[in-house]
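Residue numbers (the working numbering), protein chains in the order written: chain V, 1 to 110; chain Z, 1 to 113.
All C-beta atoms, glycine included, are put in the ideal place defined by N, C-alpha and C.
This one's a predicted model, so the numbers in the text were calculated from it and none came from an experiment.
Heads up: the structure comes next, in structure tokens.
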Amino acid sequence: GQQLNQSPQSMFIQEGEDVSMNCTSSSIFNTWLWYKQDPGEGPVLLIALYKAGELTSNGRLTAQFGITRKDSFLNISASIPSDVGIYFCAGQGYGNKLVFGAGTILRVKS
Amino acid sequence: DAGITQSPRYKITETGRQVTLMCHQTWSHSYMFWYRQDLGHGLRLIYYSAAADITDKGEVPDGYVVSRSKTENFPLTLESATRSQTSVYFCASSEVGPSYEQYFGPGTRLTVT
């Protein structure tokens, strides 16, 4: 089946630094979504991308739908302690359903 | 605006017991989904529903049963719980379709002893 590779698996960064994470797929996707999950909670949608090349921002977050349609990245600028959590990418997979990456764990050093 | 709720939030049950996890959404979204989240596997789709009385299997449906008699409710039943079904279960809904924005509930942590 289709797989998503999300990297890095975890990050430990200094407050105020910019963060970048990405997802790559083995096949073309028509949708890329980025979610954040806090401990003990459900994933919360951050950004949705539906068009190759699309660049979308949500506050300090920016995500792009790769031109090849096989990748997407998420940037967080000027990280703060509340950015801690797990970030998931998701893409439209086989059978028109979403496939999720394994997540990037973000830890911020205050 | 309650959004999407799940109950119970925590459940401990014994192997072989039947257990039902509830999901309720107030948005009148057509699509609803059940996922399980396990370390090392991310979120995996169990079942989904496109509308009342329409359900379909996801990636890992074995051992689970769903029904959807009303648009707002989508219960998930484990007919005979096994230890391998210990997991965190998330319900989600979407207004548009299965490959579009999905909104998740807070999850149910299920432990099967």
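Would you please verify whether the beta carbon of residue 97 of chain V is less than 9 angstroms from any beta carbon of chain Z?
Residue numbering aside, residue 97 of chain V sits at position 97 when the first sequence is read from its first letter. It does: the Cβ of residue 97 of chain V has a partner Cβ on chain Z nearer than 9 angstroms.
Check whether the Cβ of residue 104 of chain Z lies closer than 9 angstroms to any Cβ atom in chain V.
To locate residue 104 of chain Z, count along the second sequence from 1; it is residue 104. Closer than 9 angstroms: yes.
Less than 9 angstroms between the beta carbons of residue 88 of chain V and residue 43 of chain Z, yes or no?
One-based indexing of the first sequence puts residue 88 of chain V at position 88. One-based indexing of the second sequence puts residue 43 of chain Z at position 43. Yes. Within cutoff.
Just how far apart, CA to CA, sit residue 13 of chain V and residue 92 of chain V?
Taking the first sequence and counting its residues from 1, the one referred to as residue 13 of chain V is at position 13. Taking the first sequence and counting its residues from 1, the one referred to as residue 92 of chain V is at position 92. About 30 angstroms.
Per DSSP, residue 32 of chain V is paired with what?
For this step, residue 32 of chain V is matched to residue 32 along the first sequence. Beta bridge pairing from DSSP links residue 32 of chain V with V/49 and V/91.
Any beta carbon from chain B within less than 9 angstroms of residue 92 of chain V's own beta carbon?
No chain B appears in the structure shown, which is made up of the protein chains V and Z.
Taking the straight line between their C-alpha atoms, what separation do you get for residue 48 of chain Z and residue 11 of chain Z?
Here residue 48 of chain Z corresponds to residue number 48 of the second sequence, with the count starting at 1. Here residue 11 of chain Z corresponds to residue number 11 of the second sequence, with the count starting at 1. Distance between the alpha carbons of residue 48 of chain Z and residue 11 of chain Z is about 22 angstroms.
Nearest chain Z C-beta to residue 30 of chain V closer than 9 angstroms, yes or no?
Residue 30 of chain V sits at position 30 when you count from the first residue of the first sequence. Yes, residue 30 of chain V lies at the interface with chain Z (some Cβ there is under 9 angstroms from its Cβ).
Taking one C-beta from the segment 86-106 of chain Z and one from the segment 13-23 of chain V each time, how about it: are there three or more such pairs within less than 8 angstroms?
At 8 angstroms Cβ cutoff, the stretches do not touch.
If you measure from the beta carbon of residue 72 of chain Z to each beta carbon in chain V, is any gap under 9 angstroms?
In the second sequence, counting from the first residue as 1, residue 72 of chain Z sits at position 72. No, no contact with chain V.
What residue range does the beta strand (DSSP E) around residue 92 of chain Z cover?
Residue numbering aside, residue 92 of chain Z sits at position 92 when the second sequence is read from its first letter. Residue 92 of chain Z -> beta strand (DSSP E) spans 87-94.
What does residue 54 of chain V touch in chain Z if you count any residue whose Cβ is under 8 angstroms from its own?
As a working note, residue 54 of chain V is residue 54 in the first sequence. The premise fails here: residue 54 of chain V is roughly 14 angstroms from chain Z at the closest Cβ pair, so nothing lies under 8 angstroms.
Can you pull the chain V residues whose beta carbon is under 8 angstroms from the beta carbon of residue 110 of chain Z, in chain order?
For the purposes of this step, residue 110 of chain Z is taken as the residue at position 110 of the second sequence. What residue 110 of chain Z touches in chain V: nothing, since even the nearest Cβ is about 14 angstroms away.
Three-state secondary structure (DSSP) at residue 83 of chain V?
Mapped onto the first sequence, residue 83 of chain V falls at position 83. DSSP places residue 83 of chain V in helix when its eight states are reduced to three.
Take residue 71 of chain V as the anchor and find which of V/47, V/97 and V/53 has the nearest alpha-carbon.
The sequence position of residue 71 of chain V within the first sequence is 71, counting from 1. The shortest Cα separation from residue 71 of chain V among V/47, V/97 and V/53 belongs to V/53.
Closer than 8 angstroms is the cut-off here; do at least three beta carbon pairs connect the segment 19-39 of chain Z with the segment 99-110 of chain Z?
yes
I need the straight-line Cα distance from residue 99 of chain Z to residue 35 of chain V, nearest angstrom please.
Residue numbering aside, residue 99 of chain Z sits at position 99 when the second sequence is read from its first letter. Residue numbering aside, residue 35 of chain V sits at position 35 when the first sequence is read from its first letter. Going by the C-alpha atoms only, they are around 14 angstroms apart.
State the start and end residues of the unbroken beta strand (DSSP E) segment that holds residue 22 of chain V.
Against the first sequence, residue 22 of chain V aligns to sequence position 22. Run containing residue 22 of chain V: 19-25, per the beta strand (DSSP E) assignment.
Could you spell out where the beta strand (DSSP E) holding residue 76 of chain V opens and where it closes?
Numbered from its first residue, the first sequence carries residue 76 of chain V at position 76. From DSSP, the beta strand (DSSP E) with residue 76 of chain V extends over 71-76.
So, for residue 109 of chain V: in the same chain, excluding its five sequence neighbours on each side, which residues have a beta-carbon less than 8 angstroms away from its beta-carbon?
Along the first sequence, one-based indexing puts residue 109 of chain V at 109. Closer than 8 angstroms at the Cβ level, and outside the excluded window around residue 109 of chain V, lie 12, 13, 14 and 15.
Is residue 97 of chain V buried or exposed, if buried means 16 or more other CB atoms sit within 10 Å of its CB?
Mapped onto the first sequence, residue 97 of chain V falls at position 97. With 16 or more Cβ atoms within 10 Å of its Cβ, residue 97 of chain V is classed as buried.
Taking the C-alpha atoms as reference points, what is the distance between residue 43 of chain V and residue 33 of chain Z?
Working through the first sequence from its first residue, we reach residue 43 of chain V at position 43. Working through the second sequence from its first residue, we reach residue 33 of chain Z at position 33. Looking at the two C-alpha atoms, the distance is approximately 13 angstroms.
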